[in-house]
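Reading through the structure tokens given below for one structure.
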Amino acid sequence: MCSSDLGASVGDHDLVHKVAVERGMNLGFYKIAMQPGKPLMAGKMNGVPLVGLPGNPVSSMVCGHIFLRPMLDVMLGFPPSPLSRETGKLTKDIRKNGSREHYMRAIVKNSGSENQITPFDRQDSSLLTIFGQSNALLVRPPNGEPLRKGVPVEFVRIS
Numbered sequence: 077m078c079s080s081d082l083g084a085s086v087g088d089h090d091l092v093h094k095v096a097v098e099r100g101m102n103l104g105f106y107k108i109a110m111q112p113g114k115p116l117m118a119g120k121m122n123g124v125p126l127v128g129l130p131g132n133p134v135s136s137m138v139c140g141h142i143f144l145r146p147m148l149d150v151m152l153g154f155p156p157s158p159l160s161r162e163t164g165k166l167t168k169d170i171r172k173n174g175s176r177e178h179y180m181r182a183i184v185k186n187s188g189s190e191n192q193i194t195p196f197d198r199q200d201s202s203l204l205t206i207f208g209q210s211n212a213l214l215v216r217p218p219n220g221e222p223l224r225k226g227v228p229v230e231f232v233r234i235s
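First residue of the sequence shown: 77, per my numbering; consecutive thereafter.
Below, the structure is given as structure tokens:
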């Protein structure tokens, strides 16, 4: 059994989506244009919020930061808001982005009055060690052009 058999996935292995819908889940959304994390789903079942995280551990953790942290804040009584985005200067060139918003694992360091952000070269969502070393997610818009060292980019902190 692979990890995608235990969580939301895409295709035949997505048992959670199928069972949740069969049991009356009012689906808010399913499958999003995000990398990693495409098979994310959310909705309500019997009036209770339900979030189906991707089965891949890194995808699940990224979605947890982007979606669950703001949701938990609301449950704790804080006003609804997405994670705050900050700006940092890119420390190296990065290639063009694909068709989904990409949350690249990265390290942010403060250099004087500005943040310096370095994305990891390897972004495969199976690399737990890379996620463990990261303290930020560099946010790339869908179909983003290649970026040169020194340009400002947006990121969210994850530690």
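From the three backbone atoms N, C-alpha and C, an ideal C-beta is built for every residue, glycine too.
How many Å lie between ARG233 and LYS120 at the Cα? 28 Å
Outcome for ARG181 when other beta-carbon atoms lying within 10 angstroms are tallied against a minimum of 16: buried
Only counting the same chain, and skipping five residues up and downstream in sequence, which positions put a Cβ closer than 7 Å to that of GLY37? Past the boundaries of the shown model lies residue 37; the chain is included only from 77 to 235, so the question cannot be answered.
Below 8 Å, can you find three or more Cβ-Cβ pairs linking the stretch 96-103 to the stretch 196-212? no
Backbone secondary structure at ARG145 - three-state DSSP: helix
Can you round the beta-carbon distance between LEU126 and PHE143 to whole angstroms, since I take them to be within the 8 Å contact cut? The Cβ separation is near 12 Å, so there is no contact.
Report the rounded CA-to-CA distance for PRO228 versus ILE193, giving the unit in angstroms. 9 Å
Extent of the continuous beta strand (DSSP E) to which VAL215 belongs: 212-216
Candidates VAL184, SER175, GLY123, ARG171, of which the one nearest LYS165 by Cα: VAL184
Could you tell me which of ARG161, SER235, PRO156, PHE154 sits nearest to VAL215, measuring between CA atoms? ARG161
If you draw a straight line from the alpha carbon of LEU91 to that of GLY188, how long is it in whole angstroms? 49 Å
Could you tell me how far apart the beta carbons of PRO133 and ARG176 are, in whole angstroms, since I believe they sit closer than 8 Å? Rounded, the Cβ-Cβ distance is 19 Å, inconsistent with contact.
So what does DSSP say about GLU221, is it helix, strand or coil? coil
Identify whether PRO133 lies in helix, strand or coil by the three-state DSSP scheme. helix
Just mark GLY113 as buried or exposed, buried being the case when its beta carbon has 16 or more other beta carbons within 10 Å. buried
Note the first and the last residue of the continuous beta strand (DSSP E) segment covering LYS94. No beta strand (DSSP E) holds LYS94; the alpha helix (DSSP H) holding it covers 91-98.
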